[in-house]
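S.K.: When the letters of the sequence shown are read in order and numbered with the working numbering, they come out as residues 2 to 253. What follows is a structure written as structure tokens; I'll ask about it next.
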Amino acid sequence: MLLLIDVGNTTTVVGLWDGDGVVHRWRISTDRERTADESRLLLRSMLAEYPGNVTGGCLSSVVPPRTEAWREAMDVLINGDLVVVGPGTKTGISLKVDNPREVGADRVANAIGAVRLFGPPVIVVDFGTATTVDLVAGVGSYRGGAIAPGLEVSADALVTHASALRQVELIPPRSAVGRSTVEAIQSGLIFGYAGLVDGLVTRIRATIEDDCPAVATGGLAAIVVAHTQSIASIEPDLTLVGLAEIFARNLS
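Shown next, in the form of structure tokens:
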């Protein structure tokens, strides 16, 4: 089995891959103070649920202070090679952007996962702390995309800067026309965010004049996607699929 870890700004996703797909996935908070020893103990407790030989691993991280701690923890538990996604990693796609080093490891993994599952061209929408909308065109060339504040970040900012408003549950209201302040906020957040995503996907599709599929991933995808018109499907394990593909390419 492969141990796959994607360290995000808010959430870290840990997955086990058996060659055919993800056997199990865990979502834990990204604790920036967690040591390598604590990370190792946490991983060991997870792996105890699925006894078996972990023969390799792949790590992506957009939180540099956490990358080394997770690498050290994985090194101890893996009986084989560990690939850390970064400059020089073989990915199978070309980064056609001004500065490839600026592209987050998670966006690279998402792009590779989408190409594996759907083929290019494809658009990837990742709903996380930030929402990213990325285009993989041609024969697997990553062209870049858009970055917007995530849904929860937007909700937090609204409450922080508007003293008369309060936090609301992130669920769709009965109607786009909110009949209370709570419903009005929910309408603006859920339906407004769906409109933002549809607008970005439409504009990005127009750059290649191709009605290519758009696939969503990320912890907040399910909240928004049902209210979009542009996204074909949700793939919760898209990043892990990409990490498994990266691992395979770096052993060949």
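Where a beta carbon is used, it is the ideal one built from N, C-alpha and C, also for glycine.
(1) Give the secondary structure of residue 172 by DSSP, where H, G and I count as helix, E and B as strand, and everything else as coil.
(2) Under 8 Å Cβ to Cβ from residue 44, same chain only, skipping five residues before and after it: list those, please.
(3) Near residue 28, which residues of its chain fall below 6 Å by C-beta distance, leaving aside the five closest residues on each side in sequence?
(4) Identify whether residue 19 lies in helix, strand or coil by the three-state DSSP scheme.
(5) Is the beta carbon of residue 145 less than 8 Å from the beta carbon of residue 98?
(6) In this structure, does DSSP put residue 56 in helix, strand or coil?
(7) Using CA coordinates, which residue listed in 129, 131, 119 and 136 is at the minimum distance from residue 109?
(8) Alpha carbon to alpha carbon, how far is residue 147 from residue 34? Give it in angstroms, no decimals.
(9) With H, G and I counted as helix, E and B as strand and the rest as coil, what does DSSP make of residue 218?
(10) Please indicate yes or no: does the CB of residue 8 lie closer than 7 Å to some heavy atom of the ligand COA?
(11) For residue 238, write down the residues that DSSP places opposite it in a beta bridge.
(12) Could you tell me how far apart the beta carbons of residue 128 and residue 217 are, in whole angstroms, since I believe they sit closer than 8 Å?
(13) Relative to the C-alpha of residue 195, which residue among 19, 207 and 149 is closest?
(14) Sort 87, 17 and 36 by Cα distance to residue 57 and report the nearest one.
(15) Suppose the cutoff is 7 Å on Cβ atoms and the five residues either side in sequence are ignored; what does the same chain contact list for residue 230 look like?
(16) Between which residues of its own chain and residue 224 is the CB-CB distance below 6 Å, once the five residues before and five after are set aside?
(17) By alpha-carbon positions, which one of 7, 50, 46 and 207 ends up nearest to residue 86?
(18) Is DSSP giving residue 102 helix, strand or coil here?
M.R.: On the basis of the data shown:
(1) Translated into positions along the sequence shown, residue 172 becomes position 171. Coil, per DSSP.
(2) Translated into the one-based positions of the sequence shown, residue 44 becomes position 43. Sequence-distant partners of residue 44 (beyond 5 residues in either direction) whose C-beta falls short of 8 Å from its own C-beta, in its chain, are 4, 15, 74, 75 and 78.
(3) Numbered from its first residue, the sequence shown carries residue 28 at position 27. Hits under 6 Å: 12 and 14.
(4) Reading the sequence shown from its first residue, position 18 is the one you call residue 19. Residue 19: coil per DSSP, three-state reduction.
(5) Sequence index remark: in the sequence shown, residue 145 carries index 144 (1-based). Sequence index remark: in the sequence shown, residue 98 carries index 97 (1-based). Against a cut-off of 8 Å, the Cβ pair of residue 98 and residue 145 comes out as a contact.
(6) Residue numbering aside, residue 56 sits at position 55 when the sequence shown is read from its first letter. Of the three classes helix, strand and coil, the one that applies to residue 56 here is coil, per DSSP.
(7) Walking along the sequence shown from the start, residue 109 turns up at place 108. Ranking the options by Cα distance to residue 109, first place goes to 136.
(8) In the sequence shown, the residue the question calls residue 34 occupies position 33. In the sequence shown, the residue the question calls residue 147 occupies position 146. Straight-line Cα distance between these residues: approximately 30 Å.
(9) Mapped onto the sequence shown, residue 218 falls at position 217. Three-state result, residue 218: strand.
(10) In terms of ligand content, the structure shown is empty, and the ligand COA therefore cannot be addressed.
(11) Along the sequence shown, read from residue 1 onward, the residue named residue 238 stands at position 237. Paired residues: none, contrary to the question.
(12) As a position in the sequence shown, residue 128 is number 127, starting the count at 1. As a position in the sequence shown, residue 217 is number 216, starting the count at 1. Sure, about 7 Å apart at Cβ, within 8 Å.
(13) Within the sequence shown, numbered from 1, the residue matching residue 195 stands at position 194. Out of 19, 207 and 149, 149 has the C-alpha closest to the C-alpha of residue 195.
(14) Your numbering for residue 57 matches position 56 in the sequence shown. Cα-wise, what sits closest to residue 57 is 17.
(15) Locating residue 230 in the sequence shown gives position 229, counting from the first residue. Here the set comprises 199.
(16) Residue numbering aside, residue 224 sits at position 223 when the sequence shown is read from its first letter. Correct list, in chain order: 171.
(17) Taking the first residue of the sequence shown as position 1, residue 86 is located at position 85. Distance from the Cα of residue 86 is smallest, within the candidate group 7, 50, 46 and 207, for 7.
(18) As a position in the sequence shown, residue 102 is number 101, starting the count at 1. Reduced to three states, the DSSP call for residue 102 is helix.
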